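K.L.:
From first to last, the protein sequence lines are chains A and B.
When we follow this note's numbering, the leftmost residue of the first sequence carries the number 1, and every step to the right adds one.
When we follow this note's numbering, the leftmost residue of the second sequence carries the number 351, and every step to the right adds one.
Glycine included, every Cβ here is placed at the ideal spot set by N, Cα and C.
Small disclaimer: the values here were computed from a predicted structure and weren't measured.
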Amino acid sequence: MKLLDQSKIFLASLLCLFSFAIAADAQNAQSTDTLYAEAKKEGQVRFSGPLTGEEMTNVLKVFEDKYPGVKVVYSRRPTGALVQLMEAERTAGKSSFDLVHLTDPLTFLRWKKENFLLQVDVPETSKMAEGFFDKDGYFTALCVTTLAGTYNSLKVAERDIPKSLKELSDPKWVGKISISNPSRGGGITIASLMNASEGAVPDFVKNAANLKLLITNGNENAVESVVTGETSLNWGLPTYLTGPAAKDGAPIKFIYWQEGTAVVPILTGVMAKAQSPNAAKLLLNWLLSTEGQNTLITKEGVYSARNDIDSSPEGLPKLSTIKVNNYGIGKLGDGTVDILSSFNSALGLK
Amino acid sequence: MFEVAALRHNVLKNVVLFLSAGLISWLVLYPILIIFSMGFHAKSGGITFENYIKFFTERGLLAALLNSIEISTAVTFFAFVIGFPLAWGVTRTNMPGKTFVQAMVTVAYVVPNFISAIAWVLLLGPNAGLLNGMITKWIGPNYVFNIYSMQGLVLILSASFYPVVFATLVAALENIGSSYEEAARMVGATRLRSSIFIIVPLAMPAIVSSCILVFLESMGAFGAAMVIATGAQFQTITTKIYQLFTFPPQFELAAATATPIIFFTIIGLVIQSMFSKSTRYSVISVRQNRVKDTRRALSSYLFFIYSVVMLACTIILPVAIIFYVSILKRWSLGASVNNITFNNYLRAFEFSSLGPTSIINSVLIAFVTATASVFLGIFVVWLVERENFKFRSLLVFISSVTFAFPGLVLAVGFVIGYSQPVLMIYGTIWLFFIAFTAQRFPYAFAFLRNAVRQLSIEFEDAARISGASWLGSIRDISIPLLKSWFVAAWILVFAVALRELSIAILLFTPGLETLPITILNYTDDGRYSFASALAMVLIIINLATAGAVYSINQRTAIR
Numbered sequence: 001m002k003l004l005d006q007s008k009i010f011l012a013s014l015l016c017l018f019s020f021a022i023a024a025d026a027q028n029a030q031s032t033d034t035l036y037a038e039a040k041k042e043g044q045v046r047f048s049g050p051l052t053g054e055e056m057t058n059v060l061k062v063f064e065d066k067y068p069g070v071k072v073v074y075s076r077r078p079t080g081a082l083v084q085l086m087e088a089e090r091t092a093g094k095s096s097f098d099l100v101h102l103t104d105p106l107t108f109l110r111w112k113k114e115n116f117l118l119q120v121d122v123p124e125t126s127k128m129a130e131g132f133f134d135k136d137g138y139f140t141a142l143c144v145t146t147l148a149g150t151y152n153s154l155k156v157a158e159r160d161i162p163k164s165l166k167e168l169s170d171p172k173w174v175g176k177i178s179i180s181n182p183s184r185g186g187g188i189t190i191a192s193l194m195n196a197s198e199g200a201v202p203d204f205v206k207n208a209a210n211l212k213l214l215i216t217n218g219n220e221n222a223v224e225s226v227v228t229g230e231t232s233l234n235w236g237l238p239t240y241l242t243g244p245a246a247k248d249g250a251p252i253k254f255i256y257w258q259e260g261t262a263v264v265p266i267l268t269g270v271m272a273k274a275q276s277p278n279a280a281k282l283l284l285n286w287l288l289s290t291e292g293q294n295t296l297i298t299k300e301g302v303y304s305a306r307n308d309i310d311s312s313p314e315g316l317p318k319l320s321t322i323k324v325n326n327y328g329i330g331k332l333g334d335g336t337v338d339i340l341s342s343f344n345s346a347l348g349l350k
Numbered sequence: 351m352f353e354v355a356a357l358r359h360n361v362l363k364n365v366v367l368f369l370s371a372g373l374i375s376w377l378v379l380y381p382i383l384i385i386f387s388m389g390f391h392a393k394s395g396g397i398t399f400e401n402y403i404k405f406f407t408e409r410g411l412l413a414a415l416l417n418s419i420e421i422s423t424a425v426t427f428f429a430f431v432i433g434f435p436l437a438w439g440v441t442r443t444n445m446p447g448k449t450f451v452q453a454m455v456t457v458a459y460v461v462p463n464f465i466s467a468i469a470w471v472l473l474l475g476p477n478a479g480l481l482n483g484m485i486t487k488w489i490g491p492n493y494v495f496n497i498y499s500m501q502g503l504v505l506i507l508s509a510s511f512y513p514v515v516f517a518t519l520v521a522a523l524e525n526i527g528s529s530y531e532e533a534a535r536m537v538g539a540t541r542l543r544s545s546i547f548i549i550v551p552l553a554m555p556a557i558v559s560s561c562i563l564v565f566l567e568s569m570g571a572f573g574a575a576m577v578i579a580t581g582a583q584f585q586t587i588t589t590k591i592y593q594l595f596t597f598p599p600q601f602e603l604a605a606a607t608a609t610p611i612i613f614f615t616i617i618g619l620v621i622q623s624m625f626s627k628s629t630r631y632s633v634i635s636v637r638q639n640r641v642k643d644t645r646r647a648l649s650s651y652l653f654f655i656y657s658v659v660m661l662a663c664t665i666i667l668p669v670a671i672i673f674y675v676s677i678l679k680r681w682s683l684g685a686s687v688n689n690i691t692f693n694n695y696l697r698a699f700e701f702s703s704l705g706p707t708s709i710i711n712s713v714l715i716a717f718v719t720a721t722a723s724v725f726l727g728i729f730v731v732w733l734v735e736r737e738n739f740k741f742r743s744l745l746v747f748i749s750s751v752t753f754a755f756p757g758l759v760l761a762v763g764f765v766i767g768y769s770q771p772v773l774m775i776y777g778t779i780w781l782f783f784i785a786f787t788a789q790r791f792p793y794a795f796a797f798l799r800n801a802v803r804q805l806s807i808e809f810e811d812a813a814r815i816s817g818a819s820w821l822g823s824i825r826d827i828s829i830p831l832l833k834s835w836f837v838a839a840w841i842l843v844f845a846v847a848l849r850e851l852s853i854a855i856l857l858f859t860p861g862l863e864t865l866p867i868t869i870l871n872y873t874d875d876g877r878y879s880f881a882s883a884l885a886m887v888l889i890i891i892n893l894a895t896a897g898a899v900y901s902i903n904q905r906t907a908i909r
């Protein structure tokens, strides 16, 4: 009798759970429908960030096909230029964009503190690694990118290809390494520098001047310097930039370091002064959905921000197959000032 | 009756002149005042001098300023060394290939700085530069030139800015009649002596003016400085300002950092004023009396050789490398038959790319900017040079201040200033017209001021005595005499507006991309071949426009 009662209770519980799941799903579906209806009234969403323009247009076309009546106006801007514009607009009390993505988590942290972002409930953050989203819902990773070592295959002989970050201190690399200026390259460059610093020999950053680095203005120029052979190696470039170049026939190959390859989130958030907040939320939800993430992976060459999606961009390994070091919001937020100060004083940069 | 008409003309004149002065003052001062008021804002909300004090106490800021002064001085020297002989050859000798030289120099000026810098890195990068490769192979690795250096930046900026010296001096020297030389020769002076002691002093206001323009433009140079100075690990004042604008932006300190550039503009204007007071000649004459000697002396060929060498080093090489990249399918695979294509050019005109939109936007903005600047310039220069009024020096300062003012800083003033309810034109092409005119007006002003200074006031007086109205005397006498200057000013403003990036990068919204913006975006995306094709389109548009304007000018010239 007791056993029968227990079974009944168990079955009833299961039934309840199932009902809740269906109800929640229905509510979710309903909320998406409501959001879509509101977004349609707004008509368009203005989206901006550093992800490459033509590929992003292809990604957003999938969204527009799925949600007719909601147009996405995408404007490609490097992180630095976008932040400058947003700050100037903020002084004027307006915002040209509803949704933005940046490679710099510190900016998002500041914007959150200054009430420049809208709090949005994004359920997909439960599937993300810690540090890839804001716990209060002000911003979240749109996707992540690996910062793989990149070398010019015409300049570096097979036997010389480094496997460990410790090998970077070898005098043979003096004058042959480029990196993007950490003061201007946002979170990507900081994460890349942190990863090299943590994996290489002690005092690597303090002695960085000995390497006679070529400091470039932004990651794009760092990619260019390796592709042209002006420098032979970079210890960590975003693969969403280098992947297409390699696919395009550029003589570059990647190094996934023994000590681990840096992985950094590209963050996104809805602006507090968004003209089309519903359309922005709809787009954000779709970008973080399984369909959106897979579209970003195939068309934009980035990795998913979600743990449950393990596919990789064409020509790049799955994250589960390489050793990775995550550089999330907390790690970058805490360590940026120190590492920047060490690096700049080592190189005499002011 | 006559008195009423004279009064009416006088009122009309004053209204036109002071409206023009008021308009340009508004265009220039409004964004600058917004920026400078930010310099006094404390983070806590009150008023502070902290940002301005910080400029003088921060080692990095002062070092950046000193670097800029050093670089700008060197660039001014080299721009003069290159530009003056070229201008002399084109105007005062029978050198062959004059049209070719003029066209090529125009090309040098229209290529955006950041594209020139990339081209020069491809040529003179210490490890992979094409020229350095040849130097290593034929002369030795010790003679390699490292473009990532202060000298490298001087080279790029000199190659970019000597057209300012050239264009100013060509316009000035063209208007100096040969009668002065002929008179000197009749009393026994040699050709060289008459050139040095007669023509050079006559052209001195234009020489000084062009050197000041180059110095100021070098102080405000940004695109090339970002590529080279960052690589060479030094700062200039503009890269420092840019740094203050990012992560997190410190607009207040950036505004304070822009202050020295204003001081340099004032110093430049004082020097210019000193020279023009000590050497004021009326050299523009109604009679077209250029050198008529059709024989080609040895000096003509020497000038030709010098011109070809200079053009090859400063224009043909970098443009050739841009063209080379533009016809490659894959930039990194080199020039094999399978890798060559003209599809990048076809794509520039496909509506699925940003090419056509940005071409139309750029041409429209440059056209409006050049036309508005020259029209406003005529009236403002007239007011400055022909009228006596209290705030003359202030108007000269206002008309010149944006020349070296960093575009990025100015753009912030425009974004903030034109997002206010009454002036809500941010996000429209109208703000581009306003911002570009405010930034590029000093070119037209400097050019036309030189011209008006060389034009004797007696022509206008004669016309007025014969009953012509003020506007009539300008329209029928002064404008025809100064037409070559107007044309040169229009072409120069059109060229610099066409390549402008530092303001546009903050002002553009989707659909308002200009060609340099699109080129920068495709460069950032790693699509160098397509970006290079667009850069070539930019050069061709400029050449075609300059050619068309020259041709119209020739057809309507006084015979």
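(1) Check this for me: beta carbons of I611/B and M569/B, under 8 angstroms apart or not?
(2) What three-state label does DSSP hand K351/A in the structure shown?
(3) Determine the contact status of K163/A and S232/A, defining contact as a CB-CB distance below 8 angstroms.
(4) When DSSP builds the beta bridges, which residues end up paired with N364/B?
(5) Taking the DSSP output, what are the residues bridged to T177/A?
(6) Whether or not the stretch 500-519 of chain B and the stretch 560-578 of chain B are in contact is what I'm after, with contact meaning three or more pairs of Cβ atoms, one per stretch, closer than 8 angstroms; do they touch?
(7) Could you tell me the distance, in whole angstroms, from the CA atom of R77/A to the CA atom of P50/A?
(8) Of the residues T321/A, W173/A and G149/A, which one's Cα is nearest the Cα of A222/A?
(9) Applying a beta-carbon distance threshold of less than 8 angstroms, which residues of chain A neighbour Q583/B?
(10) Return the chain-ordered list of same chain residues with a C-beta closer than 6 angstroms to the C-beta of F783/B, the five sequence neighbours on each side being excluded.
(11) What residues from chain A crowd round Q501/B, counting only those whose CB sits closer than 8 angstroms?
(12) Between the C-alpha atoms of D136/A and I690/B, what's the straight-line distance to the nearest angstrom?
(13) Is any non-hydrogen atom of the ligand HEM found closer than 7 angstroms to the C-beta of P78/A, if you look at the structure I gave you?
(14) Comparing C-alpha positions only, which one of I748/B, G433/B and V675/B sits nearest to A885/B?
(15) Go through its chain and collect everything with a Cβ distance to S370/B's Cβ below 6 angstroms, but skip five positions before and after it.
(16) Considering only residues of the same chain and omitting the five flanking positions on each side of E89/A, which have a CB-CB separation below 7 angstroms?
(17) Which runs of the alpha helix (DSSP H) at least 4 residues long sit entirely within the stretch 471-525 of chain B? Give them in chain order.
(18) With DSSP as the reference, label R543/B as helix, strand or coil.
(19) Apart from the five residues on each side of it in sequence, which residues of its chain come closer than 7 angstroms, Cβ to Cβ, to Y776/B?
(20) Among T586/B, T787/B, L893/B and T607/B, which residue has its Cα nearest to the Cα of E400/B?
(21) Could you work out which residues of chain A lie near G439/B, taking near to mean beta carbons separated by less than 8 angstroms?
(22) For the alpha helix (DSSP H) holding A722/B, just list the boundary residues, first then last.
(23) Grab the span of the alpha helix (DSSP H) containing Q44/A for me, first residue to last.
(24) In its own chain, which residues sit with a C-beta less than 7 angstroms from the C-beta of T91/A, not counting the 5 before and 5 after it?
(25) Less than 8 angstroms between CB atoms is the rule here; does F601/B satisfy it with respect to chain A?
(26) DSSP on A141/A, reduced to helix/strand/coil?
(27) Got a sec, what are the start and stop residues for the beta strand (DSSP E) F673/B sits in?
(28) Just reading off the alpha helix (DSSP H) that L848/B is part of, what are its end residues?
(29) Quick one: what does DSSP say I784/B is sitting in, helix, strand or coil?
(30) Any beta-carbon of chain A closer than 8 angstroms to the one on I382/B?
(31) Based on Cα-Cα distance, which residue from T426/B, T586/B, V846/B and V802/B lies nearest to P830/B?
(32) Please name the residue in I827/B, G817/B and F791/B whose C-alpha comes closest to that of S806/B.
(33) Could you work out which residues of chain B lie near V73/A, taking near to mean beta carbons separated by less than 9 angstroms?
(34) Would the stretch 319-330 of chain A count as touching the stretch 254-273 of chain A if we require 3 or more Cβ pairs under 8 angstroms?
(35) Compare the beta carbon distance of F844/B and A761/B with 8 angstroms and say whether it is the shorter of the two.
(36) Counting pairs of Cβ atoms below 8 angstroms between the stretch 545-565 of chain B and the stretch 510-518 of chain B, do you hit three or more?
P.N.:
According to the structure data:
(1) yes
(2) Shown here, chain A extends from 1 to 350; a query on residue 351/A therefore has no answer.
(3) no
(4) Paired residues: none, contrary to the question.
(5) Correcting the residue identity first, residue 177/A is Ile in this sequence and not Thr. According to DSSP, which records beta bridges pairwise, I177/A is partnered with L233/A.
(6) yes
(7) 5 angstroms
(8) G149/A
(9) I215, L347, G348 and L349
(10) V718
(11) Those do not exist, as Q501/B stays about 16 angstroms from chain A at its closest Cβ, beyond 8 angstroms.
(12) 53 angstroms
(13) Questions concerning the ligand HEM fall outside what the structure shown contains, since it holds no ligand whatsoever.
(14) V675/B
(15) L726, F729 and V730
(16) S95 and S96
(17) 480-488 and 500-524
(18) helix
(19) V765, Y768 and S769
(20) T607/B
(21) None at all; the shortest Cβ gap to chain A is about 36 angstroms.
(22) G705 to R736
(23) No alpha helix (DSSP H) contains Q44/A, which is instead part of the beta strand (DSSP E) from Q44 to G49.
(24) none
(25) yes
(26) strand
(27) Where F673/B is concerned, there is no enclosing beta strand (DSSP E), although the alpha helix (DSSP H) it sits in stretches over L667 to S676.
(28) K833 to R849
(29) helix
(30) no
(31) V802/B
(32) I827/B
(33) T859, P860 and G861
(34) yes
(35) no
(36) yes
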